[in-house]
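Note sheet for the following structure.
Number of protein chains: 2
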Amino acid sequence: MKIGIVGGTGHIGQGLAHRLSHNHEIILGSRDIEKASYASECTIKALKERGIESMCSGAVNQEAVDKGDIVVLSVNYKNLESTLDSLTGFENKIVISPINPISKGDHFYYDPPADGSAALAVKRLLPENAKVVSAFNNIAANKWKQLDDELDYSVAVCGDDHEAKKIVMGLVNEVSLLKAVDAGPLAMSSVVESITPLIFNIAKYNDMKDVGIKFI
Amino acid sequence: MKIGIVGGTGHIGQGLAHRLSHNHEIILGSRDIEKASYASECTIKALKERGIESMCSGAVNQEAVDKGDIVVLSVNYKNLESTLDSLTGFENKIVISPINPISKGDHFYYDPPADGSAALAVKRLLPENAKVVSAFNNIAANKWKQLDDELDYSVAVCGDDHEAKKIVMGLVNEVSLLKAVDAGPLAMSSVVESITPLIFNIAKYNDMKDVGIKFI
Chain A
288 MKIGIVGGTG HIGQGLAHRL SHNHEIILGS RDIEKASYAS ECTIKALKER
338 GIESMCSGAV NQEAVDKGDI VVLSVNYKNL ESTLDSLTGF ENKIVISPIN
388 PISKGDHFYY DPPADGSAAL AVKRLLPENA KVVSAFNNIA ANKWKQLDDE
438 LDYSVAVCGD DHEAKKIVMG LVNEVSLLKA VDAGPLAMSS VVESITPLIF
488 NIAKYNDMKD VGIKFI
Chain B
288 MKIGIVGGTG HIGQGLAHRL SHNHEIILGS RDIEKASYAS ECTIKALKER
338 GIESMCSGAV NQEAVDKGDI VVLSVNYKNL ESTLDSLTGF ENKIVISPIN
388 PISKGDHFYY DPPADGSAAL AVKRLLPENA KVVSAFNNIA ANKWKQLDDE
438 LDYSVAVCGD DHEAKKIVMG LVNEVSLLKA VDAGPLAMSS VVESITPLIF
488 NIAKYNDMKD VGIKFI
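From first to last, the protein sequence lines stand for chains A and B. In short: position in the first sequence from 1, add 287, done, that's this note's numbering. In short: position in the second sequence from 1, add 287, done, that's this note's numbering.
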């Protein structure tokens with residue numbers, strides 16, 4: 288598959304490139320083509336050092352959308368609306384939202400838009416026939432690029448398009464030891480997104496690092 | 288410690304009695320003293336069969352509150368307000384809320400009161416010096432009484448009183464293989480409560496049974 292990553296120079300973008308580009312063509316997008324190319328070269332190099340050939344290229348975000356069968360929105364919630372405003376061509380694409388709207392006072396807390404969740408905001412902002420699926424929300428940013436560390440977590444996947452959700456769950460299951468679970472309709476994405484500030488707090492209050500979750 | 292359980296004939300009440308009454312004095316409360324006594328006898332019998340002596344007695348709910356150093360509110364959310372209206376004497380007690388306000392359409396969803404969570408509603412309904420702590424929210428009801436099954440899960444504990452939270456975390460860690468984690472202030476209880484409908488959905492959509500969670 289071709290996977291376009293909007294904001295592909297961030298942790299999750301680079302992480303997905305590192306962990307999927309041996310099997311899939313990854314188009315790492317950025318507003319800045321230089322940054323995208325550099326991130327792509329880093330991925331190719333990291334995998335080459337392990338004797339693995341990778342299919343990864345840098346591009347502007349619009350090209351990542353245009354080329355991707357699946358488009359991952361690896362952007363901060365605060366940049367979501369302006370980023371989507373600047374892009375077109377999402378019609379009929381599978382669009383993955385790993386976005387968590389989080390704020391911080393004396394503790395981290397979930398700070399969703401009026402839509403109910405970031406994924407539901409994505410659905411509102413995109414054409415109606417875009418197939419929005421939330422996934423990869425609860426994986427610590429630091430863990431993504433450490434290729435020697437397996438990612439041994441559950442990934443709750445939400446979406447209203449059954450086929451799209453199945454494809455995304457298949458993709459999740461290709462990444463390290465991640466195990467996808469169907470968490471129901473996109474409306475449930477609020478709970479999954481809100482787990483991220485919860486695990487940030489759990490890390491903070493229990494002196495733990497890079498906390499993740501497993502459904503067992 | 289003396290642990291009073293309001294609504295002690297339910298799954299979590301009976302479960303806590305089964306799993307803590309060898310070490311702590313459990314007062315299983317109910318509106319119906321007959322039911323409470325029967326539940327207490329069941330616990331005593333179940334432990335006796337395993338050669339374990341248990342300290343468990345049936346009582347009316349008010350007695351469970353009066354005698355408990357810690358009071359567990361093992362009630363359905365829809366009965367919370369009427370139950371608390373009928374009881375007094377919570378001043379300065381540690382009060383544990385394992386309550387999850389859940390509704391169901393085509394899927395289970397979190398349906399909290401205007402307070403933000405059931406635990407925050409408990410805080411509003413009780414005297415200001417009651418020390419409300421949320422815990423035991425995400426453990427499958429069926430699992431509690433199966434004494435031969437270990438409960439190998441994480442328990443996210445929320446509360447604003449540091450000492451009370453520590454005592455509750457200690458209690459959690461005495462139950463089977465449960466591992467308490469400090470999940471921050473009581474305001475975070477909304478996220479922890481909302482995980483319960485999420486795991487109900489995960490069980491439903493993935494053909495799993497009695498799903499629980501671990502923070503790792």
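Don't be surprised by glycine CBs; every beta carbon is placed ideally from N, CA and C.
Straight-line gap, residue i to residue j (C-alpha atoms, nearest Å)
| i | j | result |
| --- | --- | --- |
| residue 449 (chain B) | residue 431 (chain B) | 27 Å |
| residue 305 (chain A) | residue 342 (chain A) | 10 Å |
| residue 374 (chain B) | residue 369 (chain A) | 53 Å |
| residue 325 (chain B) | residue 319 (chain B) | 10 Å |
| residue 476 (chain B) | residue 410 (chain B) | 12 Å |
| residue 322 (chain B) | residue 331 (chain B) | 14 Å |
| residue 496 (chain B) | residue 490 (chain B) | 6 Å |
| residue 309 (chain A) | residue 434 (chain B) | 47 Å |
| residue 499 (chain B) | residue 338 (chain A) | 39 Å |
| residue 436 (chain A) | residue 451 (chain B) | 37 Å |
| residue 445 (chain A) | residue 484 (chain B) | 14 Å |
CB contact below 8 Å: residue i versus chain A
| i | result |
| --- | --- |
| residue 443 (chain B) | yes |
| residue 400 (chain B) | no |
| residue 338 (chain B) | no |
| residue 427 (chain B) | no |
| residue 455 (chain B) | no |
| residue 481 (chain B) | yes |
| residue 387 (chain B) | no |
| residue 424 (chain B) | no |
| residue 488 (chain B) | yes |
CB contact below 8 Å: residue i versus chain B
| i | result |
| --- | --- |
| residue 396 (chain A) | yes |
| residue 485 (chain A) | yes |
| residue 493 (chain A) | yes |
| residue 418 (chain A) | no |
| residue 469 (chain A) | yes |
| residue 501 (chain A) | yes |
| residue 474 (chain A) | yes |
| residue 462 (chain A) | no |
For residue i, the three-state DSSP class (helix, strand or coil)
| i | result |
| --- | --- |
| residue 373 (chain B) | coil |
| residue 378 (chain A) | coil |
| residue 353 (chain B) | helix |
| residue 312 (chain A) | strand |
| residue 291 (chain B) | strand |
| residue 451 (chain B) | helix |
| residue 360 (chain A) | strand |
| residue 506 (chain A) | There is no way to answer for residue 506 (chain A), as the model of chain A reaches only from 288 to 503. |
| residue 422 (chain A) | coil |
| residue 325 (chain B) | helix |
| residue 302 (chain A) | helix |
| residue 297 (chain B) | coil |
| residue 389 (chain A) | strand |
| residue 432 (chain B) | coil |
Assumed close pair residue i, residue j - CB separation to whole angstroms, cut-off 8 Å
| i | j | result |
| --- | --- | --- |
| residue 384 (chain B) | residue 405 (chain B) | 6 Å |
| residue 346 (chain B) | residue 315 (chain B) | 7 Å |
| residue 416 (chain B) | residue 378 (chain B) | 6 Å |
| residue 360 (chain B) | residue 294 (chain B) | 7 Å |
| residue 473 (chain B) | residue 419 (chain B) | 6 Å |
beta-carbon residue i near the ligand GTP non-hydrogen atom, thresh 7 Å
| i | result |
| --- | --- |
| residue 328 (chain B) | The model on display carries no ligand, and the ligand GTP is accordingly not part of it. |
(request) Please determine if the region 434 to 441 of chain B and the region 465 to 479 of chain B are in contact, where contact requires at least 3 C-beta pairs separated by less than 8 Å. (result) Short answer: they touch.
(request) Check whether the region 419 to 436 of chain B touches the region 292 to 311 of chain B, counting contact only when three or more Cβ pairs, one atom from each stretch, lie closer than 8 Å. (result) Counting Cβ pairs under 8 Å, three or more are found: they touch.
(message) When you compare the region 389 to 403 of chain B with the region 446 to 460 of chain B, are there three or more beta-carbon pairs, one atom per stretch, that lie closer than 8 Å?
(response) With the cut-off at 8 Å, the region 389 to 403 of chain B and the region 446 to 460 of chain B do not touch.
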